[in-house]
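For reference, the structure discussed in these notes is given below.
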Amino acid sequence: MKILGIETSCDDTASAVIDENGNVLSNVLSSQTQFYKDFGGIVPEIASRKHAELIGYVIQEALNIANTDITNINLVSVTYGPGLVGSLIVGVEAAKAISFAKNIPLIGVNHLEGHIYSLFINNKPLKIDSPPFPMLFLIVSGGHTELVFVKNHLQYKVIGETRDDAAGEALDKFARALGYDYPGGPIIQKLGEKGNPYFYKFPRLSIKSPYEFSFSGLKTAGVYYLQKHQDEVKTHLGDICASYEEALTDILVKRTLKAAKDLNVKAIGVVGGVSANKRLREKFNKQSKIPVYFPEKGFSTDNAAMIAIAGLLHYKNGEQSNLLLDASSTLSLPK
Ligand code: KG4
Ligand code: ZN
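Mapping of the sequence shown onto numbering that gives the first Met the number 0: position 114 corresponds to residue 113, and the numbering continues sequentially without gaps.
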């Protein structure tokens, strides 16, 4: 069995082919970041146009690399939300067209469950047949920061989320204030690599509700600090970036570990773009008493392999979408 995955929820046009065991046969991604250099962020109108231009080529490339063609595909799995609606529509319509024309079953996947399933790609680090459920997942990306209790395959319950900005957004805006383009997370990591994380104490979170997050305060404090201390930015850039990253990762680790303890889970999964962060990984590994799993290299950020594998699980569970499948920009996991 071969599963074709399609992901166009934001600014990456992505397609992948996996087999029925979750092994990746191809994983293709065309990033649009180069088009947004003059705009200071993603422009939804440009994103949907670029997806429409690229999607056919990206899917064909995924099939070519997997050494197969569309007649050998048994299932099409596509992200239908959440995300930019104009971007989502391109992927959903492409998937529906393939499903209809070739009479292949179709599955619509929630982008967030895709991130959860990034831990099972190639059965690494977790094996599909022996997951250590119940688990707590921290989904932490440019658009989301939430804690999800996963009782079993495909059984999710969101127990807390950010009230305002996502953690990735706080990194992207801080990098932007320093004059760097999106995505800011990897840049802040690199600049802060050899810096002193205790150089300056940026504010930690004070909201009482234990499983909720908020990053707008940290973001504002960070940008304000950069404006007020321009001389220090010149002399201590590494220390400032390390200190900012330290505050952000402190918040994420502390709240996740508290929730994991309260819920008595067997393991923690940390997924989404920010889960690639080195400081975050080190902190979790050092402070957690239960195993913490992160996606393999290259699968933290958006990709279509994670969408294919989530679709495979739904299909094995007897589910299917139909041609009425529609993009949903505000789709969420069950609360
Ligand atoms: O999951 P993702 O690719 O897209 C969304 O669904 O949002 O996540 C993108 C986010 C961006 O905010 C980016 O700055 C952040 O992930 N990111 C990182 C790292 N790599 C990507 N943040 C911190 N450290 C990294 N190494
Ligand atoms: Zn994502």
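Heads up, the beta-carbon is just placed ideally off N, CA and C, and yes, glycines get one too.
- Message: Quick check on ASN71: does DSSP put it in helix, strand or coil?
- Response: Position 72 of the sequence shown, counting from 1, holds the residue named residue 71. Helix.
- Message: Could you tell me the alpha carbon to alpha carbon distance between GLU160 and LEU135, rounded to whole angstroms?
- Response: One-based indexing of the sequence shown puts residue 160 at position 161. One-based indexing of the sequence shown puts residue 135 at position 136. So the two alpha carbons sit approximately 13 Å from each other.
- Task: Please name the residue, chosen from ALA65, ILE158, GLY39, that lies closest to ILE138 on a Cα-to-Cα basis.
- Result: Translated into positions along the sequence shown, residue 138 becomes position 139. Of the listed residues, the one whose Cα sits closest to ILE138 is ILE158.
- Exposed or buried, what is ASN321 when buried is set at 16 or more other beta-carbons lying within 10 Å of its beta-carbon? Counted from its first residue, the sequence shown places residue 321 at position 322. Classification of ASN321: exposed, given that the 10 Å Cβ count is below 16.
- In terms of alpha-carbon separation, which member of LYS260, GLY178, LYS207, TYR179 lies closest to PRO290? For the purposes of this step, residue 290 is identified with residue 291 of the sequence shown, where counting begins at 1. Answer by Cα proximity: LYS260.
- Label TYR223 either buried or exposed according to how many other C-beta atoms from any shown protein chain fall within 10 Å of its C-beta, with 16 as the threshold for buried. Start at 1 with the first residue of the sequence shown, and residue 223 comes out as number 224. Exposed: under 16 other Cβ atoms inside 10 Å.
- Query: In whole angstroms, what is the alpha-carbon distance linking GLU231 and TYR199?
  - Reply: Here residue 231 is taken as the residue at index 232 of the sequence shown, counted from 1. Here residue 199 is taken as the residue at index 200 of the sequence shown, counted from 1. Looking at the two C-alpha atoms, the distance is approximately 11 Å.
- Message: Can you check which of these residues, VAL273, VAL264, LEU177, GLY191, is closest to GLN226 by C-alpha distance?
- Response: If you number the sequence shown from 1, residue 226 lands on position 227. Considering only alpha carbons, the answer is LEU177.
- GLY40 to SER140 span [Cα, whole Å]: The residue labelled residue 40 in the question sits at position 41 within the sequence shown. The residue labelled residue 140 in the question sits at position 141 within the sequence shown. Cα-Cα distance, rounded: 15 Å.
- Other residues of its chain near LYS35: CB distance less than 8 Å, five sequence neighbours each side excluded: Indexing the sequence shown from 1 puts residue 35 at position 36. The sequence given here has Tyr at residue 35, not Lys. Hits under 8 Å: ASP10, ILE41, VAL42, ILE45, ASP180, TYR181.
- Query: Taking contact to mean at least 3 C-beta pairs separated by less than 8 Å, is the region 267-282 in contact with the region 240-259?
  - Reply: yes
- Query: Per DSSP, VAL157 is paired with what?
  - Reply: Here residue 157 corresponds to residue number 158 of the sequence shown, with the count starting at 1. Paired residues: VAL147.
- Message: Beta-carbon within less than 6 Å of SER29's beta-carbon, same chain only, minus the 5 sequence neighbours each way: which residues are those?
- Response: In the sequence shown, residue 29 corresponds to position 30, counting from 1. Contacts found: THR12, LEU53, VAL57.
- Given a cut-off of 8 Å, decide if ALA15 and SER25 are closer than it, judged by their beta-carbon atoms. Here residue 25 is taken as the residue at index 26 of the sequence shown, counted from 1. Here residue 15 is taken as the residue at index 16 of the sequence shown, counted from 1. It is a contact, given that the beta carbons lie within the stated cut-off.
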